[in-house]
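Okay, so here's the structure we're looking at.
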Amino acid sequence: MALKSSLRPILYQTEKLIQRIRFLSGPNKLPTLLGISFPKSGTHLLDQILLGFSNIAPYSKRLHSFYAEYEGESGVKRSAEQAVAWLDSLRPRDVASAHLFARPEAVTRVCSSKFVPYFIFRDPRDVVVSHVFYVTGMEARHVHHEYYLSLPDFDSRLNVSILGRPDLDIEFPNIAERFKPYMDWLNHPEVLKIHFEDLIHDRAATLTRIMDHFLARVPLQAPRNLILDSLETSINPSRSPTFRSGKTGEWRQYFTDEHKRVFKDVAGNLLVKLGYEENNDW
C-alpha cells in the first residue's frame with residue numbers, strides 16, 4: 002500500500018507530461034478545473050465530465066485529488082487553513098474535486114484566474130434520501146454508519162438525515178445548516194452553478210453551458226461538437242463507487258407527511274433559495 006501511494010504522484014505527473022506532449026501545439030499554463038459539490042449531489046458525475054476535457058486539451062486524465070470538509074471516518078471538521086493549503090497545492094492542467102465551503106479565503110482563490118470552477122448541487126430532499134442509503138448500505142467506514150444501523154427503520158434514519166445529530170461532539174447539523182457554508186458559491190459569476198437535475202433531464206443544454214464556461218477562459222480551437230462529444234462520452238455511471246440510481250424527485254417515494262413537516266420546519270426556505278419550490282406549499 003505504501004509503495005502504491007508513493008508511486009501514484011509519479012504516475013500522475015508522467016500522465017500529465019504525456020498529455021502535454023500530445024497537445025504540444027496547444028496552450029501550456031492552463032487553469033485548474035475544479036468541481037465543487039454539495040455531498041450526495043452528483044460529485045462523480047461532474048468529475049467525469051470535467052475529465053472529458055482531457056480529450057481535447059492537455060488536462061490530466063485522472064483527478065489530482067479530492068478534498069472534503071469533514072473526515073469521513075471520524076467526522077472531524079477540517080480547518081480553513083487545510084482547505085487553503087489544498088487549493089494552493091493544485092497546479093495548471095490539474096482536474097480536482099471538492100466538497101468545499103465558500104469561506105472568504107477559498108472564494109478569493111477559486112474566483113481567480115488560476116481556476117475554472119463549477120458548483121453542482123441537488124434538491125436537498127433527494128440529498129437526504131441518498132444520504133440514508135449511502136451511510137447505511139454503501140460506506141461501512143462512515144462515522145454515522147453504526148448509528149444508522151441501530152435505528153429501527155428507514156423513516157427514522159431519514160429523520161436523522163434531515164435533522165442531523167445535535168447531541169454529538171462532532172458536527173452534523175440539519176440539512177439547511179449543512180448547506181449554509183456552500184451558499185456563497187451561488188453569488189459569484191466566476192463559478193458555474195449546475196443543478197444535478199439538469200444533467201439528468203436536459204443534459205445537452207447543460208453540457209453546452211459547462212463547455213461555454215470553460216471556453217470563456219480557455220479559447221480552444223477544437224470544434225464545439227467535438228468538445229461536447231468528449232464531455233458526453235466521458236459519462237459512465239458504472240464507474241462511480243457511490244452511484245445508486247441517478248433519479249430525480251425520488252424523495253416523493255420516501256417522505257411521509259411527518260418528514261415533509263420536519264423538512265419544511267428546518268429547510269423550507271432553502272428549497273426556495275435553490276429554486277426547487279416557490280413556497281412551502283408542497
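Going by my numbering, the first residue of the sequence shown is number 2, and it counts up by one from there.
Using N, Cα and C, we set each Cβ at its ideal position, and we do this for glycine too.
- Go ahead and label ARG179 buried or exposed: buried means 16 or more other beta carbons lie within 10 angstroms of its beta carbon, across all protein chains shown. buried
- CB-CB under 8 Å to SER38, same chain, minus the five flanking residues each way: which ones, in chain order? THR44, LEU47, SER98, ALA99, HIS100, PHE120, ILE121 and PHE122
- Would you identify the three-state DSSP class for ALA107, choosing helix, strand or coil? helix
- Among VAL117, ILE201, ARG225 and GLY165, nearest to VAL129 - alpha-carbon criterion: GLY165
- Query: Taking Cβ to Cβ, would you say ASN175 is nearer than 7 Å to VAL77?
  - Reply: no
- Measure the alpha-carbon distance for GLY269 versus GLN14 and round it to whole angstroms. 46 Å
- Limits of the unbroken alpha helix (DSSP H) element including VAL263: 258 to 274
- Item | Distance, GLU279 Cα to ALA58 Cα | 41 Å
- Item | Length of the line joining the Cα atoms of ARG218 and GLN83 | 27 Å
- By a C-beta neighbour count over all protein chains shown, 10 Å radius and 16 as the cutoff for buried, is ARG111 buried or exposed? The sequence given here places Val at residue 111; Arg does not occur at that position. The residue is buried, with at least 16 neighbouring Cβ atoms inside 10 Å.
- Task: Find out if the Cβ-Cβ distance for the pair ALA177, LEU271 is shorter than 7 Å.
- Result: yes
- Task: Tell me, please, which residues DSSP counts as bridged to TYR119.
- Result: GLY36 and LEU193
- Would you kindly check if the distance between the Cβ of SER235 and the Cβ of GLN49 is under 7 Å? yes
- Check PHE244 in the structure and name its three-state DSSP category. Here PHE244 scores only 46 on pLDDT, less than 50, and its place in the model should not be relied on; the value that follows carries that caveat. Coil.
- Item | Endpoints, alpha helix (DSSP H) assigned at TYR68 | Counting along the chain, TYR68 falls outside any alpha helix (DSSP H), though it belongs to the beta strand (DSSP E) covering 67 to 69.
- Spatial distance of PHE244 from LEU216 (CA atoms): Unreliable positioning characterises PHE244 in this predicted model, as indicated by a pLDDT of 46, which lies under 50. A coordinate reading is not provided.
- Task: Note the first and the last residue of the continuous alpha helix (DSSP H) segment covering ALA217.
- Result: First-last for ALA217: undefined, no H or E at that position.
- Message: Measuring CB atoms only, is the segment 156 to 163 touching the segment 84 to 95, in the sense that at least three cross pairs come out at less than 8 Å?
- Response: no
- Query: Does DSSP put VAL144 in a helix, in a strand, or in coil?
  - Reply: coil
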